[in-house]
């Protein structure tokens, strides 16, 4: 593929992005690309700099250095062009509580310059599509939290954005509402919209994302497809074991150095192991020594959550090493 | 859709959400009406000298407060962020916010004036000058309220900041005492107060008589204050509202 064709495939490009709040460094040279039509999950613990990045990308916040472009344009230099092509769902559902749902969407359409008739038909289409027809004439403030979230996502789509930023879209929602919203996000992506997702729900990220970047302490510590990020945990596995008798966690861990953590859950020991082959050998040797038997054993592939926790642990250990 | 049309959409929405609510309308009318009635009952002849000043004072307090309350409320609820994320320039947002606040001030002051004219015989010798005073005053005071509100986070901070200027202005701007009766050392301060010139226009518009015999000077100074507020409000909003 030629270079200009490759460039055309990039919806969001961030290079060496830096931002500090006084002495606190929020972003220390962050770089990544988001390809068009993909879901990009931007993950990190609280305070990692995720919202700062989104605020810079959307033109709400200035930057100290680095490059940012959305659909080939820098929001700092061409804010109206960029803002008319992006949709943003902030962490809080920020529509107007006293206005009716339909009127909220029509007003957002006006802000984005839609002609009155088009704004009305687009509002009706979104209300129908998001399953809010019965609530169309109710004030936004009277909706349940899940419905507020749906309408907030709908409002971000009124002007048919090319890139949609979703900041913690399902935080605070009950399970059915969160599941339904994830279904809506999949439909949005199916329509060709690029989605930039930040979430603390790693299950959600794993379910929706094509590509992932993990941000810790203002730096990208891992970047790639979901499968590549999971590969960060190397040969680590989660192993589930049922022993024939009681076991002390500390004794088990000291007898089996390949076990990183051990937790008893519903009669099964959930073991996080660094190397499966080594760990199983050590567990069998431990059982022989203690007069126990392994009644059941099972393994599962590492999840994105495992990878994330592993990256956090490695980062904390690296910081400790640097400090000492 | 032009940026002016989008500013009008913001204004219309604000009137729908805030300014059209009965408590705000009654607050805007009752406070000055009661004050003027109190003056009228004490001195039926002298109230004519004070009524335009109280209408000017209502514009100052009403417009600066309402513009500031709406902006700080929207900052807190996150809805201001929605405007900042839309493809709008800072000037468009400021124009939209100022138009709705100004419309509220003009409408309440107009209703009050017409009520006073009907019930207490307030004259309107030069209605065009009176209307210009209302429009210029409402515009500049709304913009000043917006500038103050973007500098702070909370409503009470905006009020504190504005009261620092508003209360001294009341005493030097000929609201309760005509400029001609003020001590000479206060007059230079009065000349640089925007409220002085708005009150002078209202007084000229109502009774046909004021400290300045011609409307041109207060009109010119008011236009300069309005233009200065416009020039400052856009960049101030761009710089501080997005912090």
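Chains as they are written, first to last, in the working numbering: chain A, 1 to 324; chain B, 1001 to 1243. In this text, a Cβ means the ideal position worked out from N, Cα and C, and glycines have one as well. This structure is a prediction, so every number in the text was calculated from the model and none was measured.
Residue i vs residue j beta-carbon contact at 8 angstroms
i, j, result
"residue 44 of chain A", "residue 214 of chain A", "yes"
"residue 1149 of chain B", "residue 1173 of chain B", "no"
"residue 221 of chain A", "residue 315 of chain A", "yes"
"residue 19 of chain A", "residue 56 of chain A", "yes"
"residue 184 of chain A", "residue 150 of chain A", "yes"
"residue 365 of chain A", "residue 1085 of chain B", "The requested residue 365 of chain A does not occur in the structure, where chain A is confined to residues 1 to 324."
"residue 329 of chain A", "residue 205 of chain A", "Outside the shown range of chain A (1 to 324) lies residue 329 of chain A, about which nothing can therefore be said."
"residue 1095 of chain B", "residue 1229 of chain B", "no"
"residue 93 of chain A", "residue 152 of chain A", "yes"
"residue 189 of chain A", "residue 39 of chain A", "yes"
"residue 249 of chain A", "residue 282 of chain A", "no"
"residue 1145 of chain B", "residue 1033 of chain B", "no"
"residue 218 of chain A", "residue 8 of chain A", "no"
"residue 98 of chain A", "residue 167 of chain A", "no"
"residue 1053 of chain B", "residue 1176 of chain B", "yes"
"residue 1120 of chain B", "residue 1040 of chain B", "yes"
"residue 78 of chain A", "residue 102 of chain A", "no"
Residue i versus residue j - alpha carbon distance
i, j, result
"residue 1088 of chain B", "residue 1097 of chain B", "13 angstroms"
"residue 284 of chain A", "residue 294 of chain A", "8 angstroms"
"residue 1117 of chain B", "residue 95 of chain A", "42 angstroms"
"residue 254 of chain A", "residue 50 of chain A", "38 angstroms"
"residue 274 of chain A", "residue 1147 of chain B", "59 angstroms"
"residue 125 of chain A", "residue 155 of chain A", "12 angstroms"
"residue 256 of chain A", "residue 1076 of chain B", "54 angstroms"
"residue 1081 of chain B", "residue 59 of chain A", "11 angstroms"
"residue 187 of chain A", "residue 193 of chain A", "9 angstroms"
"residue 1005 of chain B", "residue 1090 of chain B", "14 angstroms"
"residue 1125 of chain B", "residue 1079 of chain B", "44 angstroms"
"residue 199 of chain A", "residue 1024 of chain B", "41 angstroms"
"residue 175 of chain A", "residue 1083 of chain B", "31 angstroms"
"residue 230 of chain A", "residue 276 of chain A", "16 angstroms"
"residue 1123 of chain B", "residue 1185 of chain B", "32 angstroms"
"residue 140 of chain A", "residue 117 of chain A", "22 angstroms"
"residue 12 of chain A", "residue 1127 of chain B", "58 angstroms"
"residue 201 of chain A", "residue 46 of chain A", "12 angstroms"
"residue 261 of chain A", "residue 290 of chain A", "20 angstroms"
"residue 1213 of chain B", "residue 1207 of chain B", "11 angstroms"
"residue 1026 of chain B", "residue 1050 of chain B", "21 angstroms"
"residue 115 of chain A", "residue 1003 of chain B", "13 angstroms"
"residue 145 of chain A", "residue 203 of chain A", "21 angstroms"
N-terminal and C-terminal residue of the alpha helix (DSSP H) that residue i is part of
i, result
"residue 68 of chain A", "First-last for residue 68 of chain A: 65-70, but that is the beta strand (DSSP E), not the alpha helix (DSSP H)."
"residue 329 of chain A", "With chain A represented from 1 up to 324, any question about residue 329 of chain A goes unanswered, as that position is not in the structure."
"residue 1240 of chain B", "1216-1240"
"residue 141 of chain A", "That residue, residue 141 of chain A, is in no alpha helix (DSSP H); it is neither H nor E in DSSP."
"residue 1149 of chain B", "1127-1151"
"residue 190 of chain A", "175-190"
"residue 338 of chain A", "The question about residue 338 of chain A has no answer, for chain A in this structure spans 1 to 324."
"residue 285 of chain A", "276-290"
"residue 1012 of chain B", "1003-1014"
Sequence-distant residues of the same chain with beta carbon closer than 8 angstroms to residue i, five excluded per side
i, result
"residue 240 of chain A", "268, 269, 270, 271, 296, 297, 298, 299, 300"
"residue 1190 of chain B", "1172, 1173, 1174, 1179, 1182, 1196"
Terminal residues of the beta strand (DSSP E) in which residue i lies
i, result
"residue 1042 of chain B", "Premise fails: residue 1042 of chain B lies in the alpha helix (DSSP H), 1022-1042, not in any beta strand (DSSP E)."
"residue 299 of chain A", "294-300"
"residue 200 of chain A", "Taken as a continuous stretch (DSSP letters only), residue 200 of chain A belongs to no beta strand (DSSP E), as it is neither H nor E."
"residue 40 of chain A", "39-43"
"residue 216 of chain A", "211-216"
"residue 109 of chain A", "Run containing residue 109 of chain A: none in the beta strand (DSSP E); it sits in the alpha helix (DSSP H), 101-111."
"residue 264 of chain A", "259-265"
"residue 222 of chain A", "219-225"
Same chain, Cβ closer than 7 angstroms to residue i, neighbours up to 5 away in sequence not counted
i, result
"residue 5 of chain A", "none"
"residue 81 of chain A", "73"
"residue 148 of chain A", "93, 140"
"residue 23 of chain A", "none"
"residue 180 of chain A", "none"
Nonlocal neighbours in the same chain, by C-beta distance under 6 angstroms from residue i, ignoring five residues either side
i, result
"residue 1129 of chain B", "1201, 1204, 1205, 1215"
"residue 1141 of chain B", "1059, 1060, 1063, 1064"
"residue 1028 of chain B", "1062, 1108"
"residue 1055 of chain B", "1109, 1202"
"residue 1018 of chain B", "1070"
"residue 61 of chain A", "55"
**Asked** Using 8 angstroms as the Cβ pair cut-off and three pairs as the minimum, do the stretch 1126-1139 of chain B and the stretch 1195-1210 of chain B touch?
**Response** yes
**Message:** Assess contact between the stretch 1162-1169 of chain B and the stretch 1062-1078 of chain B, defined as three or more Cβ pairs (one per stretch) separated by less than 8 angstroms. Is contact present?
**Reply:** yes
**Message:** Measuring CB atoms only, is the stretch 112-131 of chain A touching the stretch 57-73 of chain A, in the sense that at least three cross pairs come out at less than 8 angstroms?
**Reply:** no
**Request:** Inspect the CB distances between the stretch 1067-1080 of chain B and the stretch 1153-1161 of chain B and report whether three or more fall short of 8 angstroms.
**Result:** yes
**Cβ contact check for the stretch 105-116 of chain A and the stretch 153-171 of chain A: 3 or more pairs under 8 angstroms** = yes
**the stretch 1093-1108 of chain B / the stretch 1005-1014 of chain B touching (three or more Cβ pairs under 8 angstroms)** = yes
**Item:** At least three beta-carbon pairs within less than 8 angstroms, the stretch 201-220 of chain A to the stretch 301-312 of chain A
**Value:** yes
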